[in-house]
Amino acid sequence: MALLEIKNLTVSFDTSSGPFMAVKGIDLAIEPREVLAIVGESGSGKSVSMLAVMGLLPPSATVKADRMSFNGVDLLGLDAAERRKIVGKDISMIFQEPIASLNPCFTAGYQIEEVLRVHMGMDRVQRRARAIELLTLVGIPEPEERLNSFPHQMSGGQCQRIMIAMAIACNPKLLIADEPTTALDVTIQKQILDLLVRLQAEYGMGLIMITHNMGVVAETADRVIVQYKGTKMEEADVLSLFENPKSNYTRALLSALPDNATGDRLPTVSDMLFEPAISGAAS
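Number 283 marks the last residue of the sequence shown (UniProt numbering); no jumps.
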């Protein structure tokens, strides 16, 4: 049984000019201990698809799916209270822009411990001990002191590690990482990716990596879904995708990689309607 299974997911938003379809009939499945990358340019519906799974879209959004199940549980059939018992505990998400995602009014320790209080029912002593353990696990030096730091007192890389500590605090079965290396310098990007892959292997989690970076896909993923304008263009294992892409859009993405450039300028992905690959039309 798939850890997460989605069939025919559509997401639309109410706008002043009428409904805007952001996600158009996406199918997706991930197995335990698997790393799935969702790749595509900005606006392709990657984050919206996963926010729909988390139940974190605004009231203006309409989410429909033939099936959206986690570990055999129908997510769309749950009320808000039932869903909150799963989201944040069994399914966790690392959001873009860690400094913006952390609450500036509370210390790192308070924000980690709040997750443990809500989902694990730990007392104050247990929460603090677990928070120190988590900060050590994600590579934060002097964790006892860092618990008392506010987000603005930490670097972007440290804030990202705090977000990761919060996400894995309850030993989730599925971790969703939304552009986890955005706005970080190259050295820190590598450290964060290595950390996520190591934690995924140690905890046995399913990991969904949302990215527009094909290099990240090549380094981390087992399987890849390529999205464009809310549509799934192609799905394949990593080796097959890089060696024999099926859709024109995937080929255009790969041709724009610096390693594949043949001239002075990189090829561009023109703004046109690409047809999905036949093999990627269904999961």
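Quick reminder that beta carbons are idealized off the backbone N, C-alpha and C, glycines included.
In this structure, how does DSSP classify F70 when only helix, strand and coil are distinguished?
In the structure shown, F70 adopts extended strand secondary structure according to DSSP, grouped into three states.
Return the CA-CA distance between M1 and N171, expressed in angstroms with no decimal places.
N171 has its alpha-carbon roughly 20 Å from the corresponding atom of M1.
Using 8 Å as the Cβ pair cut-off and three pairs as the minimum, do the region 69-77 and the region 3-14 touch?
By the Cβ criterion, the region 69-77 is in contact with the region 3-14, since at least three pairs of Cβ atoms, one from each stretch, lie closer than 8 Å.
Do G109 and L147 count as a contact pair if the criterion is CB distance below 8 Å?
Yes, the pair counts as a contact, with Cβ atoms nearer than the cut-off.
Which residues does DSSP list as the beta-bridge partners of F13?
Under DSSP, F13 forms a beta bridge with F20, A61.
Cβ contact check for the region 195-202 and the region 115-131: 3 or more pairs under 8 Å:
Contact between the region 195-202 and the region 115-131 is absent, because fewer than three Cβ pairs lie under 8 Å.
Cutting at 8 Å between CB atoms, please list the residues of its own chain near P104, excluding the five before and the five after it.
F150, P151, H152.
Would a C-beta distance cut-off of 8 Å place A61 and F13 closer than the cut-off?
Using a Cβ distance threshold of 8 Å, A61 and F13 count as a contacting pair.
Using only alpha-carbon positions, find the residue among M233, L102, F20, V238 that is nearest to Q158.
Closest by alpha carbon: L102.
Contact between the region 128-135 and the region 184-192 (3+ Cβ pairs under 8 Å):
Short answer: they don't touch.
Locate the alpha helix (DSSP H) running through Q126, then write down its first and last residues.
Where Q126 is concerned, the enclosing alpha helix (DSSP H) stretches over 124-137.
If contacts are defined as beta-carbon pairs under 8 Å, then Q227 and G45 qualify, I think. What distance do you get, rounded to the angstrom?
Rounded to the nearest angstrom, the Cβ distance from Q227 to G45 is 6 Å, consistent with a contact under 8 Å.
Distance check for D178 and M209, CA to CA, integer angstroms please.
Approximately 6 Å, taken between the alpha carbons.
Who are E235's beta bridge partners in DSSP?
When DSSP reads this structure, E235 sits in a beta bridge with I225.
Proximal residues to I162 (C-beta, below 6 Å), its chain only, five neighbours per side dropped
Result list for I162: A108, in chain order.
Note down the Cα distance separating R84 from S155, rounded to an integer number of angstroms.
Taking the CA atoms as reference points, R84 sits about 30 Å from S155.
Taking 7 Å as the limit between beta carbons, can you name the residues of its chain near L127, skipping five residues before and five after?
Rather than Leu, the amino acid found at residue 127 in this sequence is Arg. Beyond the five residues adjoining it in sequence on each side, R127 comes within less than 7 Å, by CB distance, of E113, L116, R117 in the same chain, given in chain order.
Please state whether DSSP places T220 in a helix, a strand or coil.
In the three-state reduction of the DSSP assignment, T220 falls in the helix class, which pools H, G and I.
Tell me, to the nearest whole angstrom, how far the beta carbon of Q111 is from that of M166; I am working on the premise that it is less than 8 Å.
Contact holds; Cβ gap of about 6 Å.
With distances taken Cα to Cα, identify the nearest neighbour of V39 among K246, A22, E234, S255.
The residue with the shortest Cα to Cα distance from V39 is E234.
With 16 as the cutoff for other CB atoms within 10 Å, does T15 come out buried or exposed?
With fewer than 16 Cβ atoms within 10 Å of its Cβ, T15 is classed as exposed.
Could you check if V125 is buried or exposed, using at least 16 other CB atoms within 10 Å of its CB as the buried criterion?
For V125, the number of other beta carbons within 10 angstroms of its own is below 16, and it is reported as exposed.
List in chain order: all unbroken alpha helix (DSSP H) runs of 4+ residues lying wholly within the region 147-218.
Runs of the alpha helix (DSSP H) inside the region 147-218: 156-168, 186-203.
What is the DSSP secondary structure of A2, counted as helix, strand or coil?
DSSP places A2 in coil when its eight states are reduced to three.
Excluding the 5 residues flanking G139 on each side, which residues of the same chain have their C-beta closer than 8 Å to its C-beta?
Counting only residues of its own chain and dropping the five nearest sequence neighbours on each side, G139 has a CB closer than 8 Å to the CB of R161, Q191, L195.
Can you tell me whether DSSP reads A277 as helix, strand or coil?
DSSP, read as helix, strand or coil, puts A277 in coil.
State the Cα-Cα distance for the pair L56 and I94, rounded to the nearest angstrom.
Cα to Cα, the separation comes out at about 13 Å.
Tell me whether D248 sits in a helix, a strand or coil according to DSSP, three-state version.
Residue identity check: residue 248 is Asn in the sequence provided, not Asp. Annotated three-state conformation of N248 is helix, per DSSP.
Could you give the residue range of the beta strand (DSSP E) that holds I94?
91-94 is the span of the beta strand (DSSP E), which, as asked, contains I94.
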